[in-house]
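Following: one structure in structure tokens, then a few remarks.
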């Protein structure tokens, strides 16, 4: 078994990772995977930079995206359903138009 040396991350990297993770709609696990760190490590950094450092000027404001990933997925499903209904209505109107065009002569 190979020994993996412990990686060290600078405060700048941690702060930028926390700021980016707060502004993205991705889950913490997805974002941590993108960074190449374990999700619990990212969670620890977020807790450290948001909660523990509030008193200092280095604190990161927790201003995340307006909607969570679940909200966006729910809205996407709703819009897909609405689109499907409108396409069906459009198809029905086209068939009705063809029917009346044939029978009006």
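Numbering (the working numbering), first residue to last: 1 to 105. For glycine and all other residues, C-beta sits at the position ideal for the given N, C-alpha and C. Just so you know, these numbers come straight off a predicted model, no measurement behind them.
Legend entry - Min CB distance residue 21 to chain D below 8 Å: Absent here is chain D; the protein component of the structure consists of one chain.
Legend entry - Distance, residue 104 Cα to residue 91 Cα: 20 Å
Inset, instruction - Would you tell me roughly how many angstroms separate the C-alpha atoms of residue 98 and residue 71, rounded to the nearest one? - result: 41 Å
Inset, instruction - Please confirm whether residue 30 and residue 43 have their CB atoms less than 8 Å apart. - result: no
Inset, instruction - Report the three-state DSSP secondary structure of residue 68 (helix, strand or coil). - result: coil
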